[in-house]
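Visitor: Quick one: the structure is below, questions incoming.
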Amino acid sequence: KCWVELPDSLFISKSLRVLKCDCGLEFEPPTSISLPALETLHLSSTLFLKDNIVELLKSCPVLESLMLEDLQLYVLKKFTIYAPQVKHLEIRNWFGLEPARCKIEIYAPNLLSLKCADHMKRDFWVETLCSPHIADFCMQVGMSYEEDNWLPEEQSKKYIMRMMNYLRAVRNVKSLVISPLMVEVLKPWCFSCAKVFSKTSATLGSLSMQFLNLRVMVLENISVIQQHSDSICGILRFLNISPNVETLTVKVTKDVVMDLISGSFAEECCGLGGDECGCFQKSI
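Residue numbers are given in my numbering: position 120 of the sequence shown equals residue 206, and the series is strictly consecutive.
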């Protein structure tokens, strides 16, 4: 693939407010960068050979919105987003070919919204001071799991701890959007892993103290959850640790709901104290 190089003059504009690049850009910033008016930056299909996006972000003092899509991080072990001025951050790596080995570290204490769409194989580190009002995690487990509906136990535990760390990092959110697959991975923790992690800070009780501000919860619909009750079971447990939720939106198809009511939901739901229909209706 032929990577595009932007002219150096683009990085020293005093009037540029919006910069969107979707052209297979190889990011190599010039020695001099000054974008004092830039408020919105979107980079798509950008190749990073160095952990150097910080050099650009430091030169955008009024930057409010940052979107990074299909990042190409093949040669990096760590990618740092240091942007104390940014209020809205979106990272979308669902469709990229990059194997997700590079860890992404986020330092953005003034975020109002954080949206992340990536594979669970990717390791994110979110600064604990980051406390967005809105968090959106649409995480995919991985192609092999989606095709085979199976995940090795050790890998499952790793993903569980990783997803719990993400949720802990945004513990003060008022609005939370999560993908069904993320709930499905958390579901074994909800029902069977509590004892395993009971001596750590990852217990159900400790998490219940972290979602007292949550008012709106949305479960986005993805086709791979068809005929699975795992997502709904995960939601019921999640509601137990979010006592102040006022609005719950579950985007599922009719077939999913009918399958839940038909009996596959019964065994797990009875553990919550009720038949499948009554438990589903009463809990939601």
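In this text, a Cβ means the ideal position worked out from N, Cα and C, and glycines have one as well. Bear in mind that the values here come from a model prediction, so they are computed numbers and not experimental data.
Buried or exposed, going by whether 16 or more other CB atoms sit within 10 Å of the CB of R187?
Guide: Residue 187 sits at position 101 when you count from the first residue of the sequence shown. Exposed, because fewer than 16 other Cβ atoms sit within 10 Å of the Cβ of R187.
Visitor: With distances taken between CB atoms, is the gap from V302 to K260 smaller than 8 angstroms?
Guide: The residue given as residue 302 occupies position 216 in the sequence shown. The residue given as residue 260 occupies position 174 in the sequence shown. Yes, the pair counts as a contact, with Cβ atoms nearer than the cut-off.
Visitor: Across which residues does DSSP place D156 in a beta bridge pair?
Guide: Translated into the one-based positions of the sequence shown, residue 156 becomes position 70. Beta-bridge pairing links D156 to no other residue.
Visitor: Buried or exposed for C146, going by 16 or more other Cβ atoms inside 10 Å?
Guide: Along the sequence shown, read from residue 1 onward, the residue named residue 146 stands at position 60. Flag for C146 reads buried.
Visitor: Report the option in T335, S151, L96 and Y252 whose CA atom is closest to the CA atom of D204.
Guide: Against the sequence shown, residue 204 aligns to sequence position 118. Comparing Cα positions, the closest option is Y252.
Visitor: Measure the Cβ-Cβ separation of F113 and T126 and say whether it is below 8 angstroms.
Guide: Numbered from 1 along the sequence shown, position 27 holds the residue referred to as residue 113. Numbered from 1 along the sequence shown, position 40 holds the residue referred to as residue 126. No; because the gap between Cβ atoms is not below 8 angstroms, this pair is not in contact.
Visitor: Where do the N-terminal and C-terminal ends of the beta strand (DSSP E) with A169 fall, by residue?
Guide: Along the sequence shown, read from residue 1 onward, the residue named residue 169 stands at position 83. Premise fails: A169 is in no beta strand (DSSP E) and is neither H nor E.
Visitor: Would you identify the three-state DSSP class for V227, choosing helix, strand or coil?
Guide: For the purposes of this step, residue 227 is taken as the residue at position 141 of the sequence shown. V227: coil per DSSP, three-state reduction.
Visitor: Return the chain-ordered list of same chain residues with a C-beta closer than 8 angstroms to the C-beta of V172, the five sequence neighbours on each side being excluded.
Guide: Taking the first residue of the sequence shown as position 1, residue 172 is located at position 86. Once the five neighbours on either side are set aside, the close Cβ partners of V172 are L143, L149, E150, S151, L152, A194, N196 and L197.
Visitor: Tell me which same chain residues have a C-beta within less than 6 angstroms of the C-beta of Y168, skipping the five on either side of it?
Guide: For the purposes of this step, residue 168 is identified with residue 82 of the sequence shown, where counting begins at 1. If we look at Y168 and ignore the five residues flanking it on each side, its Cβ neighbours are V140 and Y193.
Visitor: Which residues does DSSP list as the beta-bridge partners of C146?
Guide: Translated into the one-based positions of the sequence shown, residue 146 becomes position 60. For C146, which the question treats as bridged, DSSP gives no partner whatsoever.
Visitor: Could you work out which residue in R178, E176 and L135 is closest to K164 when comparing CA atoms only?
Guide: Numbered from its first residue, the sequence shown carries residue 164 at position 78. K164 has its Cα closest to that of L135, out of R178, E176 and L135.
Visitor: Would the beta-carbon of F223 fall within 8 angstroms of that of I264?
Guide: Here residue 223 refers to the residue found at position 137 when the sequence shown is read from its first residue. Here residue 264 refers to the residue found at position 178 when the sequence shown is read from its first residue. Closer than 8 angstroms, so yes.
Visitor: Could you give the residue range of the alpha helix (DSSP H) that holds I98?
Guide: Here residue 98 refers to the residue found at position 12 when the sequence shown is read from its first residue. Careful: I98 lies outside any alpha helix (DSSP H) and carries neither H nor E.
Visitor: Return the CA-CA distance between E91 and P122, expressed in angstroms with no decimal places.
Guide: Here residue 91 corresponds to residue number 5 of the sequence shown, with the count starting at 1. Here residue 122 corresponds to residue number 36 of the sequence shown, with the count starting at 1. Using only the alpha carbons, I get a separation of about 22 angstroms.
Visitor: Could you give the distance in angstroms between the alpha-carbon of D108 and the alpha-carbon of P329?
Guide: Taking the sequence shown and counting its residues from 1, the one referred to as residue 108 is at position 22. Taking the sequence shown and counting its residues from 1, the one referred to as residue 329 is at position 243. Taking the straight line joining both Cα atoms gives about 42 angstroms.
Visitor: I need the DSSP call for D94, collapsed to helix, strand or coil.
Guide: Translated into positions along the sequence shown, residue 94 becomes position 8. Residue state, collapsed to three classes: helix.
Visitor: Could you tell me which residues DSSP pairs with H219 in its beta bridges?
Guide: Numbered from 1 along the sequence shown, position 133 holds the residue referred to as residue 219. According to DSSP, H219 bridges with nothing at all.
Visitor: In three-state terms, what does DSSP make of V263?
Guide: Working through the sequence shown from its first residue, we reach residue 263 at position 177. Note: V263 maps to strand in three-state DSSP.
Visitor: Just grab the DSSP bridge partners of T117 for me.
Guide: Taking the sequence shown and counting its residues from 1, the one referred to as residue 117 is at position 31. Beta-bridge pairing links T117 to no other residue.
Visitor: Identify whether F297 lies in helix, strand or coil by the three-state DSSP scheme.
Guide: The residue given as residue 297 occupies position 211 in the sequence shown. Of the three classes helix, strand and coil, the one that applies to F297 here is coil, per DSSP.
Visitor: Could you give the DSSP three-state label for I327: helix, strand or coil?
Guide: For the purposes of this step, residue 327 is identified with residue 241 of the sequence shown, where counting begins at 1. Three-state result, I327: coil.
Visitor: Excluding the 5 residues preceding and the 5 following V212 in the sequence, name in chain order all residues of the same chain whose CB lies nearer than 6 angstroms to its CB.
Guide: On the sequence shown, residue 212 is found 126 positions in, with the first residue counted as 1. Around V212: I192 and A255.
Visitor: Thinking just about the alpha-carbon of each residue, which of L105, T166 and N138 is nearest to the one in S130?
Guide: Translated into the one-based positions of the sequence shown, residue 130 becomes position 44. Checking every option, the nearest Cα to that of S130 belongs to L105.
Visitor: Can you tell me the Cα-Cα spacing of P116 and H174, whole angstroms?
Guide: Numbered from its first residue, the sequence shown carries residue 116 at position 30. Numbered from its first residue, the sequence shown carries residue 174 at position 88. Those two C-alpha atoms are separated by around 25 angstroms.
Visitor: Could you tell me the distance, in whole angstroms, from the CA atom of R323 to the CA atom of E155?
Guide: The sequence position of residue 323 within the sequence shown is 237, counting from 1. The sequence position of residue 155 within the sequence shown is 69, counting from 1. About 32 angstroms.
Visitor: K106 by DSSP, collapsed to three states: which one?
Guide: Locating residue 106 in the sequence shown gives position 20, counting from the first residue. Looking at K106 - three-state DSSP - the assignment turns out to be strand.
Visitor: Tell me the DSSP secondary structure of E112 in three-state form.
Guide: Counted from its first residue, the sequence shown places residue 112 at position 26. Of the three classes helix, strand and coil, the one that applies to E112 here is strand, per DSSP.
Visitor: Report back the beta-carbon spacing between N258 and N299 to the nearest angstrom; my notes put them in contact at under 8 angstroms.
Guide: For the purposes of this step, residue 258 is identified with residue 172 of the sequence shown, where counting begins at 1. For the purposes of this step, residue 299 is identified with residue 213 of the sequence shown, where counting begins at 1. Contact flag correct, Cβ pair sits at about 5 angstroms.
Visitor: If we ignore side chains and look at the alpha-carbon of each, how far apart do A288 and M249 end up?
Guide: Working through the sequence shown from its first residue, we reach residue 288 at position 202. Working through the sequence shown from its first residue, we reach residue 249 at position 163. Bear in mind that a pLDDT of 41 at A288, under 50, signals an unreliable position, so the number given afterwards is only what the model happens to contain. Answer to the nearest angstrom: the Cα atoms are 11 angstroms apart.
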